[in-house]
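Read the structure below first, then the notes.
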Amino acid sequence: MTFLKLKLNTANSDTQLSINYSLGCLVIVTACLLTPLPALSASICLASSPLTTPDSRFVDNNDQTISDQETNLMWARCSVGRTWDGSTCTGAALSLTWKQAVEEGPNSTLAGYNDWRLPNVKELSHLIEYSCYDPAINENIFPSALGVSIPYWTATPDSLTTTKAWFIKFISGEIDLDKKDDDYAVRLVRGGL
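Numbering follows the working numbering, with no gaps: position 71 of the sequence shown is 72.
See the structure below:
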């Protein structure tokens, strides 16, 4: 595993420091974010922290896709299996194994494009809203993110074993590894970082 978690000796003894070496991320989490929270209809965001994925960063292409002006990536607005109805994603999202998820992109012709693919972990991590929790994704741009507690596959396999790949949980922004035969959600991308 590429994470290192340390308990810091600070005024708040429940502060944790997480370092993800593979992504070059440093995340500081306090106990208030680790405590189970009641179900709410909106994200819980830190008022003193600027949004990392503000609405202004994205362009709605009005064809079920969103363009990210920071990364020059084009995203499917909805998870695979769902459709944008003009205000939200409807229908049943598909849960796919990693192999199925990798194969889904080239089969998609969303918005008339035929170069869709499963995003790598670096690309998908750009959608994490680090100032918010439950979910840790911009719901104005990517609403109804499949219950957000369900992980989303990335195209990045584990470098130590052939049986695992990276996923992201948008309820918390967690990035971790799991077995490739597990069924997870998929959000397609086109372009490249």
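C-beta atoms are modelled at their ideal positions from N, C-alpha and C, and glycine is treated no differently.
For the beta strand (DSSP E) holding glutamate 175, just list the boundary residues, first then last. 175 to 180 is the span of the beta strand (DSSP E), which, as asked, contains glutamate 175.
So, with DSSP's three-state summary, where would you put proline 136? The answer is coil: DSSP assigns proline 136 none of H, G, I, E or B.
Please state whether DSSP places tryptophan 117 in a helix, a strand or coil. DSSP places tryptophan 117 in the coil class of the three-state scheme, outside both helix and strand.
Which word fits glycine 92, buried or exposed, when buried means at least 16 other C-beta atoms lie within 10 angstroms of its C-beta? Label assigned to glycine 92: exposed.
Neighbourhood of lysine 180 by C-beta, 8 Å cutoff - its chain only, sequence neighbours within 5 removed: For lysine 180, where only same-chain residues beyond five positions count, the Cβ hits under 8 Å are Thr164, Lys165.
Consult DSSP for leucine 95 and reduce its assignment to one of helix, strand or coil. Coil.
May I ask which residues mark the beginning and end of the beta strand (DSSP E) holding valine 74? Valine is not the amino acid found at residue 74; the sequence shown has leucine there. For leucine 74, the enclosing beta strand (DSSP E) starts and ends at 74 to 77.
Got a sec, what are the start and stop residues for the beta strand (DSSP E) valine 60 sits in? Per DSSP, the unbroken beta strand (DSSP E) holding valine 60 starts and ends at 59 to 61.
Please return the same chain residues whose Cβ sits closer than 7 Å to the Cβ of proline 144, not counting the five positions on each side in sequence. Once the five neighbours on either side are set aside, the close Cβ partners of proline 144 are Thr89, Cys90.
Which term fits serine 150, buried or exposed, when burial requires 16 or more other beta carbons within 10 angstroms of its beta carbon? That one is exposed.
Can the beta-carbon of tryptophan 99 be found less than 8 Å from the beta-carbon of tryptophan 154? Yes, the pair counts as a contact, with Cβ atoms nearer than the cut-off.
Is the stretch 97 to 114 close to the stretch 174 to 193, with three or more CB pairs under 8 Å? Segments in contact, yes.
How big is the Cα-Cα spacing for serine 44 and leucine 161? The C-alpha of serine 44 lies about 35 Å from the C-alpha of leucine 161.
Quick one, which of Ile142, Ala156, Asp159, Pro136 has its alpha-carbon nearest glycine 174's? Ranking the options by Cα distance to glycine 174, first place goes to Pro136.
So the alpha helix (DSSP H) serine 49 belongs to, where does it begin and stop? For serine 49, no alpha helix (DSSP H) segment is defined, and its DSSP state is neither H nor E.
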